[in-house]
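Participant: Numbering (our numbering), first residue to last: 2 to 129.
Where a beta carbon is used, it is the ideal one built from N, C-alpha and C, also for glycine.
Predicted, not measured: the structure shown is a model, and the values here were computed from it.
1. Could you tell me the alpha carbon to alpha carbon distance between residue 36 and residue 102, rounded to whole angstroms?
2. Can you grab the Cα-Cα spacing for the pair residue 115 / residue 57, in whole Å?
3. Would you check if the stretch 79-90 and the stretch 17-26 touch, i.e. whether three or more CB-CB distances between them fall below 8 Å?
4. For residue 64 versus residue 51, is the C-beta distance shorter than 9 Å?
5. Exposed or buried, what is residue 54 when buried is set at 16 or more other beta-carbons lying within 10 Å of its beta-carbon?
6. The ligand SAH and residue 27: does the residue's C-beta get closer than 8 Å to at least one heavy atom of that ligand?
7. With DSSP collapsed to three states, give me the class of residue 15.
8. For residue 67 versus residue 17, is the C-beta spacing smaller than 9 Å?
9. Tell me whether residue 7 is buried or exposed, calling it buried when 16 or more other Cβ atoms sit within 10 Å of its Cβ.
10. Starting from the C-beta of residue 78, find all residues in its chain whose C-beta is less than 7 Å away, skip the five residues before and the five after it, and write them out in chain order.
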């Protein structure tokens, strides 16, 4: 179901209402966290999200929202897991993905500063 939500966001994400994309972003982040320890596919989320970053400006905004929500979700305690399991998931995420996310964020900021992202003024404000 996580892949369906990602595909939906890739195909229709920029054109749907903002509340729909917001809930789908939250869904993807939550499902990724829940499946992190069980499947290696979930641990490739940054690679999957990076495809959003190289498409349109609307997709870039969605990709950044996905990364932000993913970081937030990984820091929240899960009621369905023990503290030990939560720490393992958080540590694994930190070790495998957090540095990549930081690099993506800094690269995007540099591109915004250099006005290298082809977007309208409104889209650039949404990215910021």
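Facilitator: Short version:
1. Here the question's residue 36 lines up with position 35 in the chain shown. Here the question's residue 102 lines up with position 101 in the chain shown. The alpha-carbon separation between residue 36 and residue 102 amounts to approximately 19 Å.
2. Start at 1 with the first residue of the chain shown, and residue 115 comes out as number 114. Start at 1 with the first residue of the chain shown, and residue 57 comes out as number 56. Cα-Cα distance, rounded: 17 Å.
3. Contact between the stretch 17-26 and the stretch 79-90 is absent: fewer than three C-beta pairs spanning the two stretches fall below 8 Å.
4. The residue you call residue 64 lines up with position 63 of the chain shown. The residue you call residue 51 lines up with position 50 of the chain shown. Yes; because the gap between Cβ atoms is below 9 Å, this pair is in contact.
5. In the chain shown, residue 54 corresponds to position 53, counting from 1. Burial state of residue 54 is buried, judged by a 10 Å Cβ sphere holding 16 or more other Cβ atoms.
6. This structure lacks the ligand SAH; in fact it carries no ligand of any kind.
7. Position 14 of the chain shown, counted from the start, is the residue given in the question as residue 15. In the three-state reduction of the DSSP assignment, residue 15 falls in the helix class, which pools H, G and I.
8. As a first step, residue 67 must be located in the chain shown, where it is residue number 66. As a first step, residue 17 must be located in the chain shown, where it is residue number 16. Not closer than 9 Å, so no.
9. One-based indexing of the chain shown puts residue 7 at position 6. Residue 7 should be labelled buried.
10. Start at 1 with the first residue of the chain shown, and residue 78 comes out as number 77. So the list reads 87, once near-sequence residues are dropped.
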